[in-house]
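**Q** Pasting a structure below so you can have a look.
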Amino acid sequence: MPFSTLGLSEPLLKALAELNYSEPTAIQKKAIPVVLSGKNLVAAAQTGTGKTASFVLPILEKLNTDRKLRGKRIRALILTPTRELAVQVEQSVRDYGKHLNLSSMAMYGGTDIEPQRQKLIWGVDIIVATPGRLLDMAHQRALHFDELEVLVLDEADRMLDMGFIDDINKIIERLPLERQNLLFSATISDDVRALSKRTISNATEISIANNSASKPKIDQWLITVDKGNKSALLSHLINEHKWQQALIFIETKHGAAKLVSQLEKRGINAESIHGGRTQAVREQVLNDFKAGKIKFLVATGIASRGLDIGELTRVVNYDLPDQVDDYIHRIGRTGRAGASGEAVSFVAKDNFRNLCAIESRLGHVIKRKEFEGFPVKKVVPVSILNYVPKNKR
Ligand code: AMP
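For the sequence shown, this note's numbering begins at 38 and goes up steadily by one.
Structure below.
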């Protein structure tokens, strides 16, 4: 089924052809007609399924009219949890809309507000923003919402996890009542459901989360390891098993810096990205990683959601995350858009409860591998698959 049957016009079809998108993905097939029809939408879709294009394409199509934009006004607002995702989604807006005459900008904190404010003076069609900076702009009257037509809450579950609910509510209070609402979330938790009930009436619901055809091909395996042995094990895997590339998730920024220096001592060049580095450095490091100039990137949770890093072949959970959703999102950085990938987790005895929760959600145990020279003193038992954590969210 080609894109042309979905009701997209020539400039968009041309951009898609140039990007070598031959066919819509499952979420695109379902979401694009709904969005074009003007209906509200609540969609359960993970990153890596093509969800960004599933809302960006129809929004571009709908906004492609002769309507004149007034100063400080916007027509579509896409809210995202992180700066990195805002930048990435806005890049998609540019890529897909390159043959259209629509303006867009990414708006996020941690950088000078003035250039962003200047860009708004003549109005911008599509803004991709993190909630805090957007509210600042609205408070400063640098931005008015009276001409807004579409609101997108992207990665709604993550925004709620990150504590943005008050900001989101304050933003929604400022929006015109007559608008189209789209909500995308990897998981529709109780909190997400409550948010969508409060803010989105009569929504069409779609879910592709359980569609095996759209599931990325990710080879998951784990190694049990004593805490003190992790960096030696990682170096061994990189050096002896000729790993070419990995995105390595770690709990703390302090730990990230330490791991980078431990790897360097063993002759492995690595970089880190975490909340303690400036926005400019984070962007530079990420671009270098995407371009293949940096092969091993150590990241705290900040980089775990939404980022699309082209041909990423391997994700390593150096520290197993506390939350099952984080595990699912982290491993979703690999095996995207039909490519295959590998997700490796280092599991120490202390992680046993987290492991049970993750494997219970997956519905199967993750296969274990052992490597000579790394015997474990503190054995990690095999999981109980019907494990329910006490503080289940
Ligand atoms: P997303 O889930 O939006 O983060 O998209 C994941 C990746 O899939 C991105 O690299 C997109 O460029 C790519 N992609 C999205 N739609 C298609 C498509 N129809 N055909 C091929 N690649 C796609």
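Note that CB positions come from ideal geometry on N, CA and C, so glycine has one too.
Treat the numbers as computed from the prediction; the structure is a model and nothing was measured.
Under a Cβ-count criterion, where at least 16 other Cβ atoms within 10 Å of its own Cβ denotes burial, should valine 419 be classed as buried or exposed?
**A** Valine 419 should be labelled exposed.
**Q** By how many angstroms is the C-alpha of arginine 120 removed from the C-alpha of leucine 41?
**A** For clarity, residue 41 is serine in the given sequence; the question names leucine instead. Going from the Cα of serine 41 to the Cα of arginine 120 covers about 32 angstroms.
**Q** Does the ligand AMP have even one heavy atom less than 8 angstroms from the beta-carbon of threonine 42?
**A** No, Cβ of threonine 42 sits at least 8 angstroms from all heavy atoms of the ligand AMP.
**Q** Our contact map puts leucine 139 next to aspartate 103 with C-beta atoms below 8 angstroms; I'd like the distance itself, whole angstroms only.
**A** Incorrect: roughly 12 angstroms between the Cβ atoms, too far for contact.
**Q** Look up glutamate 184 in the DSSP assignment and give the residues it is bridged to.
**A** Answer is none; glutamate 184 lacks a bridge partner.
**Q** Where does threonine 337 land, buried or exposed, given buried means 16+ other C-beta within 10 angstroms?
**A** Threonine 337 is buried by the Cβ-count criterion.
**Q** Out of Asn306, Ala231, Val353 and Lys302, state which residue places its alpha-carbon closest to the alpha-carbon of alanine 283.
**A** The shortest C-alpha separation from alanine 283 is found at Val353.
**Q** Taking arginine 112 as the reference, which of Ser91, Glu184, Ala143 and Arg178 has the closest Cα?
**A** For the residues Ser91, Glu184, Ala143 and Arg178, the minimum Cα distance to arginine 112 belongs to Glu184.
**Q** Within the chosen definition, does the region 62-69 reach the region 116-131 through at least 3 CB pairs nearer than 8 angstroms?
**A** No, they do not touch.
**Q** Would arginine 405 be called buried (16 or more neighbouring beta carbons within 10 Å of its own) or exposed?
**A** So arginine 405 ends up on the exposed side.
**Q** Does the beta-carbon of glycine 169, which I'm using as the reference point, lie nearer than 8 angstroms to any heavy atom of the ligand AMP?
**A** False, no ligand heavy atom lies under 8 angstroms from that Cβ.
**Q** With a threshold of 16 other CB atoms inside 10 Å of the CB of histidine 311, please say whether the residue is buried or exposed.
**A** By the neighbour-count rule (16 or more Cβ atoms within 10 Å), histidine 311 is buried.
**Q** Could you tell me whether any non-hydrogen atom of the ligand AMP is closer than 8 angstroms to the CB of leucine 220?
**A** False, no ligand heavy atom lies under 8 angstroms from that Cβ.
**Q** Tell me which residue opens and which closes the beta strand (DSSP E) that aspartate 3 is part of.
**A** Residue 3 is absent from the structure shown; the chain starts at 38 and stops at 430.
**Q** Tell me, to the nearest whole angstrom, how far the beta carbon of glutamine 217 is from that of glycine 75; I am working on the premise that it is less than 8 angstroms.
**A** The Cβ separation is near 6 angstroms, so the contact holds.
**Q** Would you check if there are 3 or more beta carbon pairs closer than 8 angstroms linking the region 293-303 to the region 95-109?
**A** Output reads no: the region 95-109 does not touch the region 293-303.
**Q** Per DSSP, which one or two residues make a beta bridge with glutamate 242?
**A** Answer is Val79, bridged to glutamate 242.
**Q** Between which two residues does the alpha helix (DSSP H) containing alanine 336 stretch?
**A** Element bounds for alanine 336: not the alpha helix (DSSP H) but the beta strand (DSSP E), 333-336.
**Q** Rounded to the nearest angstrom, what separates glutamate 320 and alanine 81 at their Cα positions?
**A** Answer to the nearest angstrom: the Cα atoms are 28 angstroms apart.
**Q** So is the beta-carbon of asparagine 57 under 8 angstroms away from any non-hydrogen atom of the ligand AMP?
**A** Answer for asparagine 57: yes, Cβ within range of the ligand AMP.
**Q** Below 8 angstroms on the Cβ atoms is my guess for valine 384 versus serine 233; work out the distance and round it to an integer in Å.
**A** Actually they do not touch by this definition, with Cβ atoms about 35 angstroms apart.
**Q** If you measure from the CB of glutamate 98, is any heavy atom of the ligand AMP nearer than 8 angstroms?
**A** No - the ligand AMP has no heavy atom lying nearer than 8 angstroms to the Cβ of glutamate 98.
**Q** In angstroms with no decimal places, state the Cα-to-Cα distance between alanine 52 and lysine 135.
**A** Those two C-alpha atoms are separated by around 7 angstroms.
**Q** Using the C-alpha atoms, what's the distance from arginine 107 back to proline 213?
**A** Each residue's Cα considered, the two are about 16 angstroms apart.
**Q** What residue ranges within the region 66-130 form continuous beta strand (DSSP E) runs of no fewer than 3 residues, ordered along the chain?
**A** Correct list: 78-81 and 111-116.
**Q** Can you tell me where the beta strand (DSSP E) with methionine 142 in it begins and where it stops?
**A** Note, methionine 142: beta strand (DSSP E), 141-144.
**Q** Heavy atom of the ligand AMP less than 8 angstroms from the Cβ of threonine 261, yes or no?
**A** Not so, every heavy atom of the ligand AMP lies at least 8 angstroms from the Cβ.
**Q** Let me check you understand the geometry: is the CB of proline 118 closer than 8 angstroms to at least one non-hydrogen atom of the ligand AMP?
**A** Flag unset: Cβ of proline 118 not near the ligand AMP.
**Q** Take lysine 156 and list the residues in its own chain whose beta-carbon comes closer than 7 angstroms to its own, dropping the five residues that flank it on each side.
**A** Excluding positions up to five away in sequence, the list reads Met142.
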